[in-house]
Amino acid sequence: MPLLEPDPEALRPAPDGRTPSPDRVPSERAGGTPEPLRGDLVALLGADKVLTHVSDLVRYASDASPYRFVPRVVVVAEDIDDVSTVLSYAHGKGREVVFRAAGTSLNGQAQGEDILVDVRRHWSGVEVLDGGERARIGPGTTVARANATLARHGRVLGPDPASAIACTIGGVVANNASGMTAGTTRNAYRTVASLTFVLPSGTVVDTADPDADTLLAHAEPALCAGLLDIKREIEADPALTARIRAKYEIKNTNGYRLDAFLDGTTPVQILRGLMVGSEGTFGFMSEVVFDTLPLDRCVSSALLFFPTLPAAAAAVPLFNDAGARAVELMDGNTLRASVRVPGVPADWAGLAKDTAALLVEFRAPDEAAREAYEAAAAEVTAGLELVAPVASITNAFTRDTGVIGGYWTARKAFVTAVGGSRPAGTTLITEDFAVPPARLAEACEALLALQTRHGFDAAVAGHAAHGNLHFLLTFDAAEPADVERYAAFMDDFCRLTVERFDGSLKAEHATGRNIAPFLELEWGPKATELMWRTKQVIDPDGVLAPRVVLDRDPTAHLRGLKTIPKVEPIADPCIECGFCEPTCPSGDLTTTPRQRIVLRREMMRQAPGSGVEDGLVAAYGYAAVDTCAGDSTCKLACPVGIDTGALMKSFRHARHSPREERVAALTARRFKEVEASARLALGAAATLRAVAGARTGDRLLTAVTRAARKAVRPDLVPEWLPRLPGAAARRLPRTTRVGAAAVYYPACVNRIFAGPGDVPLPQAVVAVSARAGRPVWIPDDVAGTCCATIWHSKGYEAGNRVMANRVVEAAWGWTAGGALPLVVDASSCALGIAHEVVPYLTADNRALHEELTVVDSVVWAAEELLPRLTVRRTVGSAVLHPTCSMRHLGDEPQLRAVAAACADEVVVPDDAGCCAFAGDRGMLHPELSEAATRAEAAEVVTRTYDAYLSANRMCEVGMEQATGREYRSALLALEQATRP
3 MPLLEPDPEA
13 LRPAPDGRTP
23 SPDRVPSERA
33 GGTPEPLRGD
43 LVALLGADKV
53 LTHVSDLVRY
63 ASDASPYRFV
73 PRVVVVAEDI
83 DDVSTVLSYA
93 HGKGREVVFR
103 AAGTSLNGQA
113 QGEDILVDVR
123 RHWSGVEVLD
133 GGERARIGPG
143 TTVARANATL
153 ARHGRVLGPD
163 PASAIACTIG
173 GVVANNASGM
183 TAGTTRNAYR
193 TVASLTFVLP
203 SGTVVDTADP
213 DADTLLAHAE
223 PALCAGLLDI
233 KREIEADPAL
243 TARIRAKYEI
253 KNTNGYRLDA
263 FLDGTTPVQI
273 LRGLMVGSEG
283 TFGFMSEVVF
293 DTLPLDRCVS
303 SALLFFPTLP
313 AAAAAVPLFN
323 DAGARAVELM
333 DGNTLRASVR
343 VPGVPADWAG
353 LAKDTAALLV
363 EFRAPDEAAR
373 EAYEAAAAEV
383 TAGLELVAPV
393 ASITNAFTRD
403 TGVIGGYWTA
413 RKAFVTAVGG
423 SRPAGTTLIT
433 EDFAVPPARL
443 AEACEALLAL
453 QTRHGFDAAV
463 AGHAAHGNLH
473 FLLTFDAAEP
483 ADVERYAAFM
493 DDFCRLTVER
503 FDGSLKAEHA
513 TGRNIAPFLE
523 LEWGPKATEL
533 MWRTKQVIDP
543 DGVLAPRVVL
553 DRDPTAHLRG
563 LKTIPKVEPI
573 ADPCIECGFC
583 EPTCPSGDLT
593 TTPRQRIVLR
603 REMMRQAPGS
613 GVEDGLVAAY
623 GYAAVDTCAG
633 DSTCKLACPV
643 GIDTGALMKS
653 FRHARHSPRE
663 ERVAALTARR
673 FKEVEASARL
683 ALGAAATLRA
693 VAGARTGDRL
703 LTAVTRAARK
713 AVRPDLVPEW
723 LPRLPGAAAR
733 RLPRTTRVGA
743 AAVYYPACVN
753 RIFAGPGDVP
763 LPQAVVAVSA
773 RAGRPVWIPD
783 DVAGTCCATI
793 WHSKGYEAGN
803 RVMANRVVEA
813 AWGWTAGGAL
823 PLVVDASSCA
833 LGIAHEVVPY
843 LTADNRALHE
853 ELTVVDSVVW
863 AAEELLPRLT
873 VRRTVGSAVL
883 HPTCSMRHLG
893 DEPQLRAVAA
903 ACADEVVVPD
913 DAGCCAFAGD
923 RGMLHPELSE
933 AATRAEAAEV
943 VTRTYDAYLS
953 ANRMCEVGME
963 QATGREYRSA
973 LLALEQATRP
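Next up, the structure:
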């Protein structure tokens, strides 16, 4: 056992007052996947593709919906062969299969009770075709990632769901998701050019293949005949045909796309249409080819405020007629809740409940068209009675991209911001319906009255231009009376939508589990039975996603509702939306932020000491706590700002013994000696490698550090990595305080580790600053100080407090009480001193900190040096690795600016993200950094660049480890580019 083994029991929730939840994972599931299911799938696919531990099953059991179903096993499929193998096994054994990608579905479509197949991890990729007019995209690719690639070609996808940063192409097509501007003409059904999919039988169909129908007829004759029979039956019924056409004049994703039988003439064409919106019940889509659309870059937007929701709804047709691309509606509850989102004006919290707003946007291909749109918008706006109850409201159109981005941030955060402000412990329901746009105002009034009658204080928003409204309800799923109230509301709501408005019960979120019982209410018995027949023709054994679209149980929407037990307060607002997952460095290795919270909630559902709780606690240490990079980019992606990284750091602290905390505090007090010792160790390692040879030396150093890790603790002792740099120079450049424009603070990482090339980073910063006439001064006593991230990232509170207070006191003295800015040459250290130290300061030092101006060296270079420098030479190309700290600080534009001065071409990889090196975490858990950098590294090595630039030494080391390319600070490049 390691000398400093952490206490896993510290992660077990306190038993006080905890009672088992009715929806807890039963004790018989504590062993995970049962036999023979486990053994069968491992034999077929290999152990690395089959997840069987109870913690794996629990973390995959939740999506963004109010439902929770625990699978028996999770398969991580790598290719079509894996999918076909699973389907063949399921057929032979009478089992069920559900496919899951991002898990952002709002109706439980991504959940299954038997075999769940993860089709996100190995299924991403974008191939641009025909100059961008088409794109072949993997189903695990997020919409935002696909659009980032297409934007370089002036193109964009038609569907634009609010969850674009997280939802994947597979889910978008499977649910026919549309979004703010897609309506009925730009959605997946209208813009998918071709599909490649695997039918339940295992047959693979590529609809773009000219021989596809011949091949399908040979492989699946009964299926082809069945589809054509249904087509003939529909076309022989004029009333049914007319009804189907009418249903799709407004947005509608409830049930199967019966118009596919009218639009397609062959079985393959019919299947192409049916697959869109089929919610994984007809097959697995392995590849999608989209017809893309022009990316109109000339934008004008306004956020217009109205006294009431019906008043706002009444203005929608006017903007539609004026040519608006998007008209988005937000009610008072939505507006007030969105103040939780960074960038949203704080005074919105004071808006009256009855207030409503329209986000109106015009998009044009050129300036003349934009001016014409703005003139039409001005004419409409002049006739409206708008209100401005708080100071931030302008009720004016703007072209400012920053302001427009803020509007859309507030709008897109509807579900998560409003859901995040719900009472702790309550379940969130998201409903989505459509009515004819001309009746939107009437529908708003009716919906508000219905909510009031059933005691719901709900939030309403939606794509008003298309008559598509969304609303949220919260209730306690553990209270039978509250569930009954929800059930009564749903009955009345569905009848209202269908009988009064002839609307769609699901406009864009797809049927899912909560509308399946009401399918016949909307479509009638004949059309509904045709949907059942279609399912029987395509999936006769009922292998795929039973009960997701079709369910004859009238109470099916009440089955599997999940309770939301209270956990740590920082995590309670989480609605499990999954927005955090694409940015998480550990997502492809262990767990994501959402999954960390999901696992924590299941612990709270369990009886204290249950077998399930034991299994979850045992796995949580490594899977959740140790392999969290602690970069907190999850906080940036989360619309309510949940910092799961901070939560994991608190768990690290909880596992520490008092002795560990004392040792950590001692290292902080004696950090000058620690710093010198680290340089000596790196120097000794370099000597060993020089004497024994690099390969032999690396083997010896790896063996020694691994032995030390086993003896002490893997989460404390770094592992030697072959590309670790040598020791930095012991002495820093000589500078003078007289005439200095700033105090330069070389971070401890740059005082310990050498940089690439002959010019150390501190020397380069001093030289280039002097060259620009903005000289900097390095204090003589920086040794022994640090930004405190070393202790903060590991949860050592005592050491963190020691160093946080020391560095702030020192910085206040160096800068003459804040008279000079403090320039820090590592972005993570700039973030640490500027923000992360604050909670650990004494009251007096907090006051000192308020007087400091902490500046990232890249910002210093871009804003203070570049305007005063002459660039004398450039390189052809540079690829950048923006650090996660820069994302927190908002410094990425400055990194681009510095790079652009040094290189003719600057590239930021579409897959750039946190490298997870996180100071030394990449040496403590190399597998974490390897997983985090895999996609970005693969993109970087597809070509050769003249420079590989970043802004943090350890991030540079991490990217060197991943790519084999030499990364360096952008300031080194700037110094070289401007050197006389």
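Numbered according to the numbering used here, the sequence shown spans residues 3 to 982.
Note that the Cβ used here is the ideal one computed from N, Cα and C, for glycine as well.
How would you write the range of the alpha helix (DSSP H) that residue i sits in, first residue to last?
i       : result
Cys-300 : First-last for Cys-300: 300–308, but that is the beta strand (DSSP E), not the alpha helix (DSSP H).
Thr-193 : 190–193
Gly-275 : 269–277
His-655 : 646–657
Phe-263 : 262–265
Leu-388 : Counting along the chain, Leu-388 falls outside any alpha helix (DSSP H), and DSSP gives it neither H nor E.
Ser-771 : 763–773
Asp-116 : Per DSSP, Asp-116 belongs to no alpha helix (DSSP H) and is neither H nor E.
Check whether the Cβ of residue i lies closer than 8 angstroms to any Cβ atom in chain D.
i       : result
Asp-633 : Absence of chain D from the displayed structure is noted, only one protein chain being present.
To which residues of the same chain is residue i closer than 6 angstroms at the C-beta, ignoring the five residues directly before and after it?
i       : result
Ser-196 : Thr-209, Ala-210 and Val-291
Asp-478 : Thr-428 and Asp-484
Gly-728 : Leu-684, Ala-688 and Ala-756
Asn-802 : Ala-790, Trp-793, His-794 and Tyr-842
Met-605 : Pro-15, Glu-615 and Leu-618
Val-206 : Val-200
Any idea if residue i is buried or exposed, counting beta-carbon neighbours within 10 angstroms, 16 or more meaning buried?
i       : result
Arg-554 : exposed
Gln-538 : exposed
Ser-67  : buried
Leu-361 : buried
Ser-288 : buried
Ala-667 : buried
Lys-95  : exposed
Pro-628 : The amino acid occupying residue 628 in the given sequence is Asp; Pro does not appear at that position. Classification for Asp-628: buried.
Glu-251 : exposed
Thr-499 : buried
Arg-299 : exposed
Gln-963 : buried
Leu-2   : The requested residue 2 does not occur in the structure, where the chain is confined to residues 3 to 982.
Glu-281 : buried
Pro-22  : exposed
For the beta strand (DSSP E) containing residue i, name the first residue and the last one.
i       : result
Val-331 : For clarity, residue 331 is Leu in the given sequence; the question names Val instead. That run of the beta strand (DSSP E) goes 328–333.
Asn-470 : 470–477
Asp-293 : 286–293
Tyr-950 : 949–952
His-851 : It is not in any beta strand (DSSP E) - His-851 instead sits in the alpha helix (DSSP H) that spans 845–852.
Glu-129 : 128–131
Asp-700 : No beta strand (DSSP E) holds Asp-700; the alpha helix (DSSP H) holding it covers 696–713.
Ser-859 : It is not in any beta strand (DSSP E) - Ser-859 instead sits in the alpha helix (DSSP H) that spans 859–862.
Phe-987 : Residue coverage of the chain in this structure runs from 3 to 982, which leaves residue 987 outside it and unanswerable.
Glu-994 : Beyond the ends of the chain as shown, which are 3 and 982, falls residue 994; an answer cannot be given.
Ala-880 : 877–882
Glu-907 : 905–909
His-465 : 461–465
Hey, residue i and residue j are a contact pair by Cβ (cut 8 angstroms); roughly how many whole angstroms apart?
i       : j       : result
Leu-89  : Val-270 : Their Cβ separation, rounded to whole angstroms, is 19 angstroms, which puts Leu-89 and Val-270 out of contact at 8 angstroms.
Val-420 : Ala-339 : 4 angstroms
Ala-168 : Gly-469 : Contact doesn't hold; Cβ gap of about 26 angstroms is too wide.
Asp-434 : His-472 : 5 angstroms
Arg-138 : Asp-120 : Not a contact, Cβ separation roughly 21 angstroms.
Thr-255 : Ala-512 : 5 angstroms
Pro-163 : Ala-146 : Incorrect: roughly 10 angstroms between the Cβ atoms, too far for contact.
Pro-296 : Arg-157 : 7 angstroms
For residue i, which residues in the same chain have their Cβ closer than 7 angstroms to its Cβ, ignoring the five residues on either side in sequence?
i       : result
Ala-443 : Pro-312, Ala-315 and Ala-316
Asp-42  : Tyr-91
Leu-563 : Pro-68, Tyr-69, Thr-429, Ala-479 and Val-485
- Which whole runs of the alpha helix (DSSP H) in the stretch 782–842 are 4 residues long or more, in chain order? Listed in chain order, the alpha helix (DSSP H) runs fully inside the stretch 782–842 are 791–794, 799–816 and 829–833, counting runs of at least 4 residues.
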